[in-house]
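Count along the sequence shown starting at 1, add 1312, and that's the number in the numbering used here. Here a beta-carbon is modelled for each residue, glycine too, at the ideal position from N, C-alpha and C. The structure displayed is predicted, hence computed values, not measured ones.
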Amino acid sequence: MSSDVCCFAEARRVAIFGGTHGNEMSGIMLVSMWTKNDSEIRRNRVHTKPFMCNPRAVEKCARYIDTDLNRAFTAENLSTPGGDELPYEVRRAKEINQIFGPKGSPDAYDVIFDLHNTTSNMGSTFILESSTDHFNLQMVHYIKKSMAPESCMVLLNEHPQLKYATTRSVAKHAVGLEVGPQPQGVLRSNIFESMRMIVKHALDFIEMFNSGVEFPACRVEVFRVHERVDYPRDTNGNIGAMVHPHLQDCDWEPLNPGDPMFQTFDGRTIVYEGAGPVYPTFINEAAYYEKHQAFVTTFRETLAVNSIRKNTK
Ligand SMILES: CC(=O)N[C@@H](CC(=O)O)C(=O)O
Ligand SMILES: [Zn+2]
């Protein structure tokens, strides 16, 4: 029985990032729209800045120019002096860290929402990087309640090897928002509107928090990143099978030992051989072929979330 109350400073400085990947169109359109007219994202007690993270990749409608921006925010990259000889995204990471960070410092932005699209059938998903950030977990709880009966999942990536240095990680509270399915370079109105509505609820939550509302303890269901599963490959690295039709589009549904996982080009089935059920997601994400990932497995768990309110002094 924990009745801890977590106190946080008001979240005054909030950024909405789009175009971290230049071919994920919903966030790109929302950010360019809100840059021209911010009436929809304005709140009395929050200063919200829309920002296009990788404008050169957006122009080319490519994920990135030289290297994946959403892997570039390592301590090493952010501290190297270097200039023009660096990959474009490393230079851009340093700029973004100057504007919205520095990462890990008191000067960093309070909250960054980073808007992504996936080709997988994940629906609307928050990607969180910490199970102890009670501010983020309360925000997610509020948004899930506000959206019901529509659902929104939470992917928790705290995995020591599978965690990566994201653009949003410069903020005190990093929030990834992944909405799919949407092909790369394509806008789908339903996906665009889901993303837009989630951002609206998120800003409403921050406004309420800043105005002094206390949010009581609650529980949030999350899916914790467990393992990356690659496609079967030959010695040249070419894939030897496709995601099996029984697994395709079944993000968040249990995958049990013995269940079909891949289908070879000559029609053989490759089954899952893990020890027990897992929940796969990011199934057949286009951007992950190069990362050698057909899907990621997760375990479902429920987190106890402390009540939160703002610091009174
Ligand atoms: C499809 C895609 O780009 N997904 C994001 C997930 C995230 O933002 O953590 C990425 O791999 O960077
Ligand atoms: Zn992305």
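Residue span of the alpha helix (DSSP H) that contains Asn1522, given as start and end
As a working mapping, residue 1522 is identified with position 210 in the sequence shown. Counting along the chain, Asn1522 sits inside the alpha helix (DSSP H) bounded by residues 1501 to 1522.
Rounded to whole angstroms, what's the CA-CA distance from Met1313 to Cys1530? Just pull it up for me.
Here residue 1313 refers to the residue found at position 1 when the sequence shown is read from its first residue. Here residue 1530 refers to the residue found at position 218 when the sequence shown is read from its first residue. Reliability of the predicted coordinates at Met1313 is poor, the pLDDT of 45 falling under 50, and no value is obtained from them.
Tell me, to the nearest whole angstrom, how far the beta carbon of Tyr1317 is from that of Asn1522; I am working on the premise that it is less than 8 Å.
The residue given as residue 1317 occupies position 5 in the sequence shown. The residue given as residue 1522 occupies position 210 in the sequence shown. The sequence shown places Val at residue 1317, not Tyr. Here Val1317 is actually not in contact with Asn1522; their C-beta atoms are around 17 Å apart, not less than 8 Å.
Strictly by DSSP, which residues pair up with His1359?
Residue numbering aside, residue 1359 sits at position 47 when the sequence shown is read from its first letter. His1359 is bridged to Arg1325.
Rounded separation between His1333 and Asp1516 - CA only
For the purposes of this step, residue 1333 is taken as residue 21 along the sequence shown, with counting starting at 1. For the purposes of this step, residue 1516 is taken as residue 204 along the sequence shown, with counting starting at 1. Answer to the nearest angstrom: the Cα atoms are 26 Å apart.
Between which two residues does the alpha helix (DSSP H) harbouring Ala1553 extend?
Looking up residue 1553 in the sequence shown gives position 241. Not the alpha helix (DSSP H): Ala1553 falls in the beta strand (DSSP E), residues 1553 to 1555.
Could you tell me if Ile1328 is buried or exposed, where buried requires 16 or more neighbouring beta carbons within 10 angstroms of its beta carbon?
Counted from its first residue, the sequence shown places residue 1328 at position 16. Buried, since its Cβ has 16 or more Cβ neighbours within 10 Å.
Give the straight-line distance between the Cα atoms of Met1459 and Ser1351, rounded to the nearest whole angstrom.
Here residue 1459 is taken as the residue at index 147 of the sequence shown, counted from 1. Here residue 1351 is taken as the residue at index 39 of the sequence shown, counted from 1. Met1459 and Ser1351: Cα-Cα distance of roughly 22 Å.
Within 10 Å of its beta-carbon, does Phe1363 have 16 or more other beta-carbons around it, so buried, or fewer, so exposed?
In the sequence shown, the residue the question calls residue 1363 occupies position 51. Buried, since its Cβ has 16 or more Cβ neighbours within 10 Å.
Minimum length 4: unbroken alpha helix (DSSP H) runs contained in the stretch 1402 to 1471:
Runs found: 1446 to 1459.
So what does DSSP say about Arg1580, is it helix, strand or coil?
As a position in the sequence shown, residue 1580 is number 268, starting the count at 1. The answer is coil: DSSP assigns Arg1580 none of H, G, I, E or B.
Mark Glu1526 as exposed unless 16 or more other C-beta atoms lie within 10 angstroms of its C-beta, in which case mark it buried.
Counting from 1 along the sequence shown, the entry for residue 1526 is found at position 214. When all chains shown are included, Glu1526 counts as exposed.
Beta carbon of Ala1323 nearer than 7 Å to that of Ile1518
Stepping through the sequence shown from its first residue, residue 1323 is reached at position 11. Stepping through the sequence shown from its first residue, residue 1518 is reached at position 206. The answer is yes: Cβ separation under 7 Å.
If we ignore side chains and look at the alpha-carbon of each, how far apart do Glu1401 and Asn1596 end up?
Here residue 1401 refers to the residue found at position 89 of the sequence shown. Here residue 1596 refers to the residue found at position 284 of the sequence shown. So the alpha carbons of these two residues sit roughly 25 Å apart.
Gly1524 to Phe1320 span [Cα, whole Å]:
In the sequence shown, the residue the question calls residue 1524 occupies position 212. In the sequence shown, the residue the question calls residue 1320 occupies position 8. Their backbone Cα atoms lie some 11 Å apart in a straight line.
Closer than 5 Å: residues whose CB approaches a heavy atom of ligand 2:
His1333, Glu1336, His1428
Separation of Phe1385 from Arg1545, as counted between CA atoms:
Counting from one through the sequence shown, the residue named residue 1545 turns up at place 233. Counting from one through the sequence shown, the residue named residue 1385 turns up at place 73. So the two alpha carbons sit approximately 30 Å from each other.
Are Gly1497 and Leu1427 closer than 7 Å when you measure CB to CB?
Along the sequence shown, read from residue 1 onward, the residue named residue 1497 stands at position 185. Along the sequence shown, read from residue 1 onward, the residue named residue 1427 stands at position 115. In this structure, Leu1427 does not lie closer than 7 Å to Gly1497 by Cβ.
With a threshold of 7 Å between beta-carbons, can Arg1404 be considered close to chain B, or not?
In the structure shown, chain B does not exist; there is a single protein chain.
So, with DSSP's three-state summary, where would you put Tyr1543?
In the sequence shown, the residue the question calls residue 1543 occupies position 231. Note: Tyr1543 maps to coil in three-state DSSP.
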